[in-house]
Amino acid sequence: MSDVCGNRHLLSIGYDGSIERGAKAALVAAVENGSPIYVGWAFDSNSDGKDDIVHWHPAEFLSIYDEEIFTQTPRIEAQRPSNSPTNMNFREADTQWVGVIGTNGKLVGRSSDSSQAGERQVKSWWCKA
């Protein structure tokens, strides 16, 4: 995804939290100017170096804190992938999920069926909408 977002690209963050392309200052300036932002994020759950799932959504709630930018995901009905056949299914129970994605390379997520939040490393792309 080296050309993700074309000329609307602002910032790409790697799994280790490093800047792969763009600049945080460009994202901060866009946020402070009121530009609509889209964020894409991926995780590599089996550590094979490939993105397992990529999600995209409008970054409607943005926070700038200590030189990092964070956005909450929309609250969604929890889903999980199925490999046979390739499909995306809802979890058995009626479960809501929400997360916070940051330019620090972390996703902190929580399901409505758990009081504990979980953290994982993610790759992310931040673009003007």
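Each residue of the sequence shown is one higher than the last, beginning at 44 in our numbering. Every residue gets a Cβ at the ideal spot worked out from N, C-alpha and C, and that includes glycine.
Name the two residues that bound the continuous alpha helix (DSSP H) containing residue i.
{"i": "A69", "result": "67-75"}
According to the Cβ coordinates, are residue i and residue j closer than 9 Å?
{"i": "S106", "j": "K171", "result": "no"}
{"i": "P117", "j": "V97", "result": "no"}
{"i": "G152", "j": "R134", "result": "no"}
{"i": "F113", "j": "G145", "result": "yes"}
{"i": "V143", "j": "Q122", "result": "no"}
List the endpoints of the continuous beta strand (DSSP E) containing residue i.
{"i": "A85", "result": "80-86"}
{"i": "R163", "result": "161-164"}
{"i": "F113", "result": "111-115"}
{"i": "N132", "result": "129-133"}
{"i": "Y58", "result": "Per DSSP, Y58 belongs to no beta strand (DSSP E) and is neither H nor E."}
{"i": "N89", "result": "No beta strand (DSSP E) holds N89; DSSP gives it neither H nor E."}
{"i": "S106", "result": "105-108"}
Mapping the DSSP letters down to three states, classify residue i as helix, strand or coil.
{"i": "N147", "result": "coil"}
{"i": "G142", "result": "strand"}
{"i": "G49", "result": "helix"}
{"i": "R153", "result": "strand"}
{"i": "R123", "result": "strand"}
{"i": "S167", "result": "strand"}
{"i": "R64", "result": "strand"}
Exposed or buried, what is residue i when buried is set at 16 or more other beta-carbons lying within 10 Å of its beta-carbon?
{"i": "A68", "result": "exposed"}
{"i": "W168", "result": "buried"}
Q. Does the stretch 153-161 come close enough to the stretch 70-77 that 3 or more CB-CB pairs lie under 8 Å?
A. Contact fails: fewer than three Cβ-Cβ distances are below 8 Å.
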